[in-house]
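In our numbering, the protein residues as written are 2 to 236.
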């Protein structure tokens, strides 16, 4: 199955009023599914829970989505399209933006996705849950979410660390960077103690963005210097 979900367009045969009600029911199911799957995970969320909160008949899930698994796929796609629209990984920067600017935009986007406590954060929490457990979506998420993110970060890291760095070290840089950005969103350790009582707002996201940016650039500088000297000593 694929995250690229196509609607079974039976609504074409309905009156405008029926179409509106059908769309509303489907949208409510989708919004509630995003929230509950993000908060509780796939296994711990029941169709009954979703339908009760969405004020919909249980049969509506089968009508609109086909199954719980299909609803989960649709919720994934819905959450990630929403996050990508609000905070694209490239930050909508111009083509001539510096690597530093693009790195900061990437951090800012990733942090918003995992730190946001509202609708925007559903995509990040769904991703973190999937990364931490075996899942029916493992292949889909790796192909459509993780690999594009890793490819984007990989190109940035290559620009920043330079061609003298071995591929293994480059991969470690990519891993370290992504881990910094995502680990803050894991439940049970979302924020360091001194930040627990602070609201997750733009100011806090900016603060963490600048910290991760400077920390990452400092590490990259050290690695560049190390391999520059090593290559220089070989000549």
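Cβ atoms here follow ideal geometry from the backbone N, Cα and C, with glycine treated the same way.
Whole-Å CB distance - residue 209 paired with residue 185, under 8 Å assumed: The C-beta separation of residue 209 from residue 185 comes to about 7 Å, placing the pair in contact by the 8 Å criterion.
Runs of alpha helix (DSSP H) wholly within the segment 115–180 (minimum 4 residues, chain order): Within the segment 115–180, the runs of alpha helix (DSSP H) that reach at least 4 residues and sit entirely inside it are, in chain order, 122–132, 139–142, 148–162.
Rounded to the nearest angstrom, what separates residue 97 and residue 105 at their Cα positions? Between the alpha carbons of residue 97 and residue 105 lies a gap of roughly 15 Å.
Beta-carbon within less than 8 Å of residue 121's beta-carbon, same chain only, minus the 5 sequence neighbours each way: which residues are those? Hits under 8 Å: 83, 84, 87, 88, 113, 114.
Considering residue 54, what are the terminal residues of the alpha helix (DSSP H) in which it resides? Run containing residue 54: 48–55, per the alpha helix (DSSP H) assignment.
Considering Cα atoms alone, identify which of 144, 166, 205 is closest to residue 229. Of 144, 166, 205, the residue nearest in Cα terms is 166.
From which residue to which residue does the alpha helix (DSSP H) around residue 64 run? 60–65 is the extent of the alpha helix (DSSP H) around residue 64.
My guess is that residue 140 and residue 90 are in contact by the Cβ rule of under 8 Å, so how many angstroms apart are they, rounded? Contact flag wrong, Cβ pair sits at about 21 Å.
CB residue 157 to CB residue 107, shorter than 8 Å? Against a cut-off of 8 Å, the Cβ pair of residue 107 and residue 157 comes out as a contact.
Taking only three categories from DSSP, how would you classify residue 88? In this structure, residue 88 counts as coil in the three-state DSSP scheme.
Helix, strand or coil: how does DSSP classify residue 98 here? Looking at residue 98 - three-state DSSP - the assignment turns out to be coil, as it is neither helix nor strand.
Whole-angstrom distance between residue 150 and residue 144, CA atom to CA atom: Straight-line Cα distance between these residues: approximately 10 Å.
Using the C-alpha atoms, what's the distance from residue 127 back to residue 38? Distance between the alpha carbons of residue 38 and residue 127 is about 7 Å.
Assigned exposure category for residue 60 - 16 Cβ within 10 Å defines buried: Counting of Cβ neighbours within 10 angstroms places residue 60 among the exposed residues, the total staying below 16.
With a Cβ-Cβ cutoff of 8 Å, do residue 101 and residue 92 count as a contact? It is not a contact, given that the beta carbons lie outside the stated cut-off.
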